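Remarks on the structure that follows.
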Amino acid sequence: MHSSAIFLIEFGAIILGLGLLGRFAGRFQFSPIPLYLLAGLAFGEGGLLPLGTSEEFVAIGAEIGVILLLLMLGLEYTATDLVSNLKTQYPAGLVDAALNALPGAAMALLLGWGPVAAVVLAGVTWISSSGVIAKVLGDLGRLGNRETPVILSILVLEDLSMAVYLPIITALLAGAGLAAGSATLAIALGVAGLVLVVAVRYGRHLSRFVSSDDPEKLLLVVLGLTLLVAGVAQQLQVSAAVGAFLVGIALSGEVAEGAHGLLSPLRDLFAAVFFVFFGLHTDPASIPPVLLPALALALVTAGTKIATGYWAAKRAGISAKGRWRAGGTLVARGEFSIVIAGLAVTSGIEPRLGPLATAYVLILVIVGPLTARFTEPVATRLTGRRRRQPAAPGIDAPRERDFVPSPDAPIEK
């Protein structure tokens with residue numbers, strides 16, 4: 065059979081399979097990420113039916129998936145919002161980093177993987193899944209709760225930190241020395257600062273330049289600009305993902321809303337391909353040896369995330385029930401943990417890091433929605449502080465007439 069025909073059959077089967085898995089996950093209201101990872105494991109190295117001709121295209125699609133994930137995150141925030149979050153919530157961000165990055169680093173060192181792998185695994189355990197958490201908040205009807213802004217602030221700070229963290233691990237994985245690594249970080253910080261200044265002062269002009277009433281032209285300009293900036297960032301050893309994130313921040317207003325609606329289906333498609341690609345490069349036989357460390361790490365970091373959310377919500381004046389809800393909601397790890405691990409797998413620094421990250425994410429992306437739902441009632445029962453009376457409006461319970469944005473509503477910037 066002709067190679068192009070085989071490619072079309074393989075890639076078509078992949079997309080169809082992902083669609084069916086997504087529908088299955090949607091029916092039971094859980095994240096499809098673990099199913100995508102399992103699909104990659106099934107059709108990758110050591111799997112049931114390894115792919116052939118389509119693997120190279122899947123690799124390119126996976127890289128585009130990472131870029132679109134970060135672009136869409138950037139579109140969620142304005143530069144003003146980011147600066148405001150940095151000023152008011154940075155203590156919560158510092159606590160989040162300390163409590164959740166250190167267990168990953170300690171585990172890598174205990175396994176004898178070395179300092180570079182320790183920095184990578186610290187990032188894997190640190191970053192929560194914004195996508196999974198946003199969906200869980202919508203599904204549980206908590207978008208209007210008082211603790212939700214605290215949760216979102218922590219997620220924003222984690223996303224911001226990637227602009228610093230990704231260039232660091234990129235330089236470390238490339239084997240760059242102290243001088244080269246410092247130069248890379250300085251360039252990344254300089255570019256990020258410049259983009260924030262431009263976005264705050266000239267964001268309207270930039271958005272006006274990109275804006276178009278024709279959806280086709282808007283899609284082509286935004287996507288082309290994002291890929292171009294991501295490529296330049298990659299060439300400067302800054303990280304294509306960070307470049308895409310900064311493009312998203314720089315766009316605002318109607319352009320951000322229109323681009324979000326146009327790019328969401330592309331993001332979902334290529335992000336799914338990315339998770340499959342990560343699974344393709346993980347041998348299923350390599351997971352059982354690291355399953356116990358993954359379980360231990362999942363247990364510890366689930367506890368540290370709950371503690372992070374509890375402390376941050378307490379600092380914001382939220383009552384006990386809201387604190388437990390905030391902590392339980394932050395447990396899920398997902399797309400960004402896989403992005404970070406994927407960089408390490410590509411560099412080949414530690415062959416067991418990929419399987420460990422896969423098992424870890426599989427565990428917490430399944431457990432995360434459960435902790436979001438049940439942490440508060442279980443904690444209340446165990447501590448014996450169950451309330452006898454309904455919560456006063458504006459303290460614990462969601463306020464019925466608060467503005468609760470629909471997950472499908474356009475984003476305001």
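Start counting the sequence shown at 65; every next residue gets the next number (my numbering).
All C-beta atoms, glycine included, are put in the ideal place defined by N, C-alpha and C.
Everything numeric in this text was worked out from a predicted model, so none of it was measured.
Residue 331 and residue 132 do touch by the CB rule: their CB atoms are close to 4 angstroms apart, below 8 angstroms. Taking residue 374 as reference, the option from 136, 78, 72, 159 with the minimal CA-CA separation is 159.
For residue 351, no alpha helix (DSSP H) segment is defined, and its DSSP state is neither H nor E. Straight through space, the alpha carbons of residue 368 and residue 443 are spaced by roughly 15 angstroms.
By the neighbour-count criterion, in which a residue is buried when 16 or more other Cβ atoms sit within 10 angstroms of its Cβ, residue 179 is exposed. Counting C-beta atoms within 10 angstroms of its own C-beta, residue 120 has fewer than 16 neighbours from the protein chains shown and is therefore classed as exposed. Membership of residue 96 in any alpha helix (DSSP H) is not indicated, and neither H nor E is assigned to it by DSSP. DSSP places residue 344 inside the alpha helix (DSSP H), whose first and last residues are 317-344. By the C-beta criterion, the stretch 421-433 is judged to be in contact with the stretch 93-102, since at least 3 inter-stretch pairs fall below 8 angstroms. In the structure shown, the three-state DSSP call for residue 415 is coil.
Here the stretch 413-420 lies against the stretch 342-355, with 3 or more beta-carbon pairs under 8 angstroms apart.
In the three-state reduction of the DSSP assignment, residue 164 falls in the helix class. When secondary structure is reduced to three states using DSSP, residue 177 falls in the coil class, being assigned neither helix nor strand. Close CB contacts of residue 134 within its chain, under the 6 angstroms cut and outside five residues either way in sequence, are with 305, 308, 309 (chain order).
Boundaries of the alpha helix (DSSP H) around residue 280: 279-299. Within its own chain, the residues whose Cβ lies closer than 8 angstroms to the Cβ of residue 354, once the five positions on either side in sequence are excluded, are 416, 419, 420, 423, listed in chain order. Where residue 367 is concerned, the enclosing alpha helix (DSSP H) starts and stops at 355-379.
Going by C-alpha positions, residue 411 is about 20 angstroms away from residue 247. Here residue 82 is buried, its C-beta having at least 16 other C-beta atoms within 10 Å. Residue 194 and residue 205 have their alpha carbons spaced roughly 16 angstroms apart. For residue 74, the secondary structure class from DSSP, reduced to helix, strand or coil, is helix. Rounded to whole angstroms, the gap between the alpha carbons of residue 351 and residue 295 is 33 angstroms. Annotated as distal: residue 169 and residue 372, with beta-carbon spacing of 9 angstroms or more.
Put simply, of 328, 126, 282 the residue whose alpha carbon is nearest the alpha carbon of residue 136 is 328.
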